[in-house]
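So the sequence lines, in the order shown, correspond to chains A and B.
To convert, take the position in the first sequence, counting from 1, and add 66; that gives the working numbering.
To convert, take the position in the second sequence, counting from 1, and add 1; that gives the working numbering.
Even glycine gets a Cβ: it sits at the ideal position worked out from N, Cα and C.
For clarity, every value in this text was computed on a predicted model and none was experimentally measured.
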Amino acid sequence: MVRRIAFAGIVLGVAASVSSQEAKREESLFLYGGEVVGNIAPVDPGYFNHTDYGDDSLRLFRVNVALELRASEKFSLLTEIRSDNLDAPRPYALYARIRPFRKRAFALQVGRVPPVFGAFLRRRYEFDNPLIGYPLPYQYPTVLRADSAPANLDQLLYYRGYGARVRYPIGDPSADTGLAQMNPLRWDTGFSLNLGSDPLVFAVAFTQGTISSPRVDDDNSGKQIAARLGFRPAFGWDVGVSASRGDYVSDEVMSLLEGDRSSEQTAVGFDTELARGAWILRGEAIWCSWDVPTLATGPLGALGFLAEGRYKVVPGLYVAGRVSGSRFESVAAYEGPVTWDAPVTRFEGGVGYTFHRNVLGKLSLQYNTRDSGGVATRWIPALQILIWF
Amino acid sequence: MLWPLAFALPLVTAVLQEGAPGAIAGRVEVRLPASPPRSRPAVREMERRRGAPDRRQSVVYLASAPQGAFEERPRAQAVLDQRQETFVPYVLPITVGTTVSFPNSDPFYHNVFSLSKTARFDLGRYPMGRSKSVRFDRPGIVRVFCEIHSHMSAFIVVLSHPYFAATGAGGRYRIESVPPGEYDVVVWTDGEERGTKRVRVAPGATAALDFVVEP
């Protein structure tokens, strides 16, 4: 703990020093921007678009404001504050960026920092999302939780396909949403280093939570390391590989268990984007495995994937499509091998029209299918109006 | 509000049309507050080093054109470069029928587009060293943006006659080959008409005309 405080002190000390030196020489700058988004869709009884904040991402009113106080070329304070459905605003990004070298692409970021893993989360959520829904690996709740655990495999499989509302006896006994492979709405806290510029970029982050369960406070004394190496083989073609590892289960759960048990989430990812003329094509795959400390099954693996494309038909009008899904490893249940969560796939297509430079309208249609009982398939139309500034 | 006349179909000013053409020259002093480049916070990604558009650059033009202004002219070419995430120049005045090239001089993609009524186009994404072009056949103001870099913007001022000039260093301008006569002259800065003055151009002479642009 003392070491942690000392480290934070050094970092902030350097930041303050850089800031005070630069502020004398350069004029500070205050920047702002944001999005106001309104989504309309029918009720989804299958919870296919449920997020870990308990919202349906297709039935949402969102106000998102980004602020930057650039004290100098070398030091900035940045934040993004968001309110969903008129809830109290929450900062999901809040950090200091230090760029000590004027001519080198190097930055140290400290605070609630942008994720370095994968590609989707670093896009502006709604503006750079050609459709209305999120890709499943970035939104769909699995049956795992960080603050509670099943006592046995049967309890886990009981909720198979119902990650939107999970309740386990070990840890927090209340019902809550399960973890997505990668959390789309919260950013993790710690620091990151970003270096390099085209054609090679590298970022590494040390944070409190994991990609599934980002945190502000530390609930398990474990840290995550995550990194991404990006490469541009040709103009308009980007590829990236990511990896992360960290403890995701809370001490509240671990303190109830005996012995030395692992509670790590490990992930590797691949992303690519190809763009030319009126086309953008993107693909991403994420392999995650979670150690569930109460189960003897070994790590539970899941593969998430997405492929999407956007084509501009005429100025201001585009069409887009995406397929995304999550697949889960099999475990040995009493009745034979079964995947530990229900495989789920989403097909989404739509159009976007720019009414004015800052006003975009989207219309989309989703088809969701899940290999489980209850609501196994669902067609969902949605409409979005997005105003950005 | 005389500036729309310059964008309208041929409107001929009743002027003296005898003698050698003259010129109108002067300086535009812009006293608008220095607005920093409008940029969104780069919260998710670090931004690259950018150029700064010269928002004080102005266009000075005749509100209505003398006879002969609309005679057939060779099709002109102009360039609006994309350099250091900035359109250069920030304001590009052209005549109707001009073809504007949009070269990409940055080592990453740009995507030029406009949703203006005067000209609606989208050139898609193209790399450094490539250029695409658009011909402007209607007079008016065309606001140009980059789809990828939201802080990039520029104006193309499409005029129906050739009697205009963009200000250069120090706000200086010079409109050449103006037939002798009396004209209303308009100054246009950063998206708006900022003032109009009347001037008489004598045969073979240069009429001095300065502007001060204030908030």
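> For the region 43–54 of chain B, which residues have a beta carbon sitting closer than 8 angstroms to at least one beta carbon of chain A?
Replying inline: Listed by position along the chain: Ala43, Val44, Arg45, Glu46, Met47 and Arg49.
> Thinking C-beta only, is glutamate 395 of chain A closer than 7 angstroms to glycine 367 of chain A?
Replying inline: In the first sequence, the residue the question calls residue 367 of chain A occupies position 301. In the first sequence, the residue the question calls residue 395 of chain A occupies position 329. In contact: glycine 367 of chain A and glutamate 395 of chain A (Cβ atoms closer than 7 angstroms).
>> Within 10 Å of its beta-carbon, does tyrosine 225 of chain A have 16 or more other beta-carbons around it, so buried, or fewer, so exposed?
In response: Working through the first sequence from its first residue, we reach residue 225 of chain A at position 159. Buried, since its Cβ has 16 or more Cβ neighbours within 10 Å.
> So, using beta-carbon positions, are alanine 55 of chain A and serine 279 of chain A closer together than 7 angstroms?
Replying inline: Any answer about residue 55 of chain A is impossible in this case: the structure gives chain A only from 67 up to 455.
> Do the CB positions of isoleucine 446 of chain A and aspartate 110 of chain A come within less than 7 angstroms of each other?
Replying inline: For the purposes of this step, residue 446 of chain A is taken as the residue at position 380 of the first sequence. For the purposes of this step, residue 110 of chain A is taken as the residue at position 44 of the first sequence. Taking 7 angstroms as the Cβ cut-off, isoleucine 446 of chain A and aspartate 110 of chain A qualify as a contacting pair.
>> Any beta carbon of chain C sitting closer than 7 angstroms to that of lysine 140 of chain A?
In response: Absent here is chain C; the protein component of the structure consists of chains A and B.
>> For a test of the three-state rule: what should DSSP assign to arginine 188 of chain A, helix, strand or coil?
In response: Mapped onto the first sequence, residue 188 of chain A falls at position 122. Assigned with DSSP and collapsed to three states, arginine 188 of chain A falls in helix.
>> Quick check: the Cα distance between tyrosine 161 of chain A and glycine 229 of chain A, rounded to an integer number of angstroms?
In response: Taking the first sequence and counting its residues from 1, one reaches residue 161 of chain A at position 95. Taking the first sequence and counting its residues from 1, one reaches residue 229 of chain A at position 163. A direct Cα-Cα distance of roughly 31 angstroms separates tyrosine 161 of chain A from glycine 229 of chain A.
> Sorry if obvious, but does the Cβ on arginine 311 of chain A come closer than 6 angstroms to a heavy atom of the ligand MG?
Replying inline: The ligand content of the structure shown is nil, which means the ligand MG is not present either.
>> Spatial neighbours of phenylalanine 455 of chain A within its chain, please: C-beta separation below 7 angstroms, excluding the five flanking residues on both sides.
In response: Counting from 1 along the first sequence, the entry for residue 455 of chain A is found at position 389. Apart from the 5 residues on each side of it in sequence, phenylalanine 455 of chain A sits with its Cβ closer than 7 angstroms to the Cβ of Gly99, Gly100 and Asn424 in its chain, given in chain order.
> Alpha carbon to alpha carbon, how far is serine 142 of chain A from serine 151 of chain B?
Replying inline: Against the first sequence, residue 142 of chain A aligns to sequence position 76. Against the second sequence, residue 151 of chain B aligns to sequence position 150. A direct Cα-to-Cα measurement between serine 142 of chain A and serine 151 of chain B gives close to 20 angstroms.
> So aspartate 150 of chain A is in the beta strand (DSSP E); what residue range does that whole segment cover?
Replying inline: Counting from 1 along the first sequence, the entry for residue 150 of chain A is found at position 84. First-last of the beta strand (DSSP E) with aspartate 150 of chain A: 141–150.
>> So phenylalanine 122 of chain B contacts chain A; which residues on that side make the cut at Cβ distance below 8 angstroms?
In response: Locating residue 122 of chain B in the second sequence gives position 121, where the first residue counts as 1. Those are Pro381, listed as they occur along chain A.
> leucine 97 of chain A lies in the beta strand (DSSP E); which residues open and close that run?
Replying inline: Translated into the one-based positions of the first sequence, residue 97 of chain A becomes position 31. It spans 95–106 - the beta strand (DSSP E) in which leucine 97 of chain A sits, taken as one unbroken run.
>> Short of 8 angstroms Cβ to Cβ, which residues in the region 271–300 of chain A face chain B?
In response: Answer in chain order: no residues at all.
> By how many angstroms is the C-alpha of glutamate 192 of chain A removed from the C-alpha of aspartate 123 of chain B?
Replying inline: Position 122 of the second sequence, counting from 1, holds the residue named residue 123 of chain B. Position 126 of the first sequence, counting from 1, holds the residue named residue 192 of chain A. Going by the C-alpha atoms only, they are around 21 angstroms apart.
>> On the criterion of 16 or more Cβ atoms from any shown chain inside 10 Å, does leucine 202 of chain A qualify as buried, or is it exposed?
In response: Position 136 of the first sequence, counting from 1, holds the residue named residue 202 of chain A. That one is buried.
> With distances taken between CB atoms, is the gap from glutamate 374 of chain A to arginine 388 of chain A smaller than 7 angstroms?
Replying inline: Here the question's residue 374 of chain A lines up with position 308 in the first sequence. Here the question's residue 388 of chain A lines up with position 322 in the first sequence. Taking 7 angstroms as the Cβ cut-off, glutamate 374 of chain A and arginine 388 of chain A qualify as a contacting pair.
> Going along chain B, which residues have a C-beta under 8 angstroms from asparagine 260 of chain A?
Replying inline: Position 194 of the first sequence, counted from the start, is the residue given in the question as residue 260 of chain A. Within chain B, the residues near asparagine 260 of chain A are Met47.
>> Looking at threonine 243 of chain A: is its Cβ nearer than 7 angstroms to the Cβ of aspartate 150 of chain A?
In response: Position 177 of the first sequence holds residue 243 of chain A. Position 84 of the first sequence holds residue 150 of chain A. Contact: no.
> Counting only runs that start and end within the region 212–282 of chain A, where is the beta strand (DSSP E) found for 3 or more residues in a row?
Replying inline: If we require 3 residues or more, the beta strand (DSSP E) runs fully inside the region 212–282 of chain A come out as 254–261 and 266–273.
> Using Cβ-Cβ distances below 7 angstroms, what residues of the region 101–122 of chain B are close to chain A?
Replying inline: Per Cβ criterion, the list reads Pro108, Phe109, Tyr110, Phe114, Leu116, Arg121 and Phe122.
>> Given a cut-off of 7 angstroms on the beta-carbon distance, is the pair arginine 348 of chain A and valine 182 of chain A in contact?
In response: In the first sequence, counting from the first residue as 1, residue 348 of chain A sits at position 282. In the first sequence, counting from the first residue as 1, residue 182 of chain A sits at position 116. The answer is no: Cβ separation not under 7 angstroms.
> For the alpha helix (DSSP H) that contains glutamate 324 of chain A, what are its first and last residues?
Replying inline: For the purposes of this step, residue 324 of chain A is taken as residue 258 along the first sequence, with counting starting at 1. Here glutamate 324 of chain A belongs to no alpha helix (DSSP H), and DSSP marks it neither H nor E.
> DSSP puts leucine 210 of chain A in a beta bridge; with which residues?
Replying inline: As a working note, residue 210 of chain A is residue 144 in the first sequence. DSSP, once it has assigned bridges, lists no residue as partnering leucine 210 of chain A.
>> For aspartate 254 of chain A and glycine 415 of chain A, what's the separation of their Cα atoms in angstroms?
In response: As a position in the first sequence, residue 254 of chain A is number 188, starting the count at 1. As a position in the first sequence, residue 415 of chain A is number 349, starting the count at 1. Approximately 31 angstroms, taken between the alpha carbons.
> What residues from the region 368–401 of chain A come within 8 angstroms of chain B, judged by C-beta to C-beta, listed N to C?
Replying inline: Within the region 368–401 of chain A, the qualifying residues are Lys378, Val380, Pro381 and Gly382.
> Should proline 22 of chain B be flagged as near chain A, meaning a C-beta pair shorter than 7 angstroms?
Replying inline: Counting from one through the second sequence, the residue named residue 22 of chain B turns up at place 21. No, proline 22 of chain B does not count as interfacial toward chain A.
> At a cut of 8 angstroms, does the region 174–191 of chain B reach the region 102–115 of chain B through at least three beta carbon pairs?
Replying inline: Using a C-beta cut-off of 8 angstroms, the region 174–191 of chain B makes no contact with the region 102–115 of chain B, since fewer than three inter-stretch Cβ pairs fall below that distance.
> Who does glutamate 193 of chain B pair with in a DSSP beta bridge?
Replying inline: Taking the second sequence and counting its residues from 1, the one referred to as residue 193 of chain B is at position 192. Under DSSP, glutamate 193 of chain B forms a beta bridge with B:Thr190.
> Given a threshold of 16 other Cβ atoms within 10 Å of its Cβ, counted over all protein chains shown, does lysine 378 of chain A qualify as buried or as exposed?
Replying inline: The count along the first sequence starts at 1 and reaches residue 378 of chain A at position 312. It is buried - the Cβ of lysine 378 of chain A has at least 16 other Cβ atoms within 10 Å.
>> Less than 7 angstroms between the beta carbons of threonine 197 of chain B and serine 59 of chain B, yes or no?
In response: For the purposes of this step, residue 197 of chain B is taken as residue 196 along the second sequence, with counting starting at 1. For the purposes of this step, residue 59 of chain B is taken as residue 58 along the second sequence, with counting starting at 1. It is not a contact, given that the beta carbons lie outside the stated cut-off.
> Can you pull the DSSP bridge partners for glutamate 46 of chain B?
Replying inline: Residue mapping note: residue 46 of chain B aligns to position 45 of the second sequence, counting from 1. Its beta-bridge partners do not exist; DSSP assigns none.
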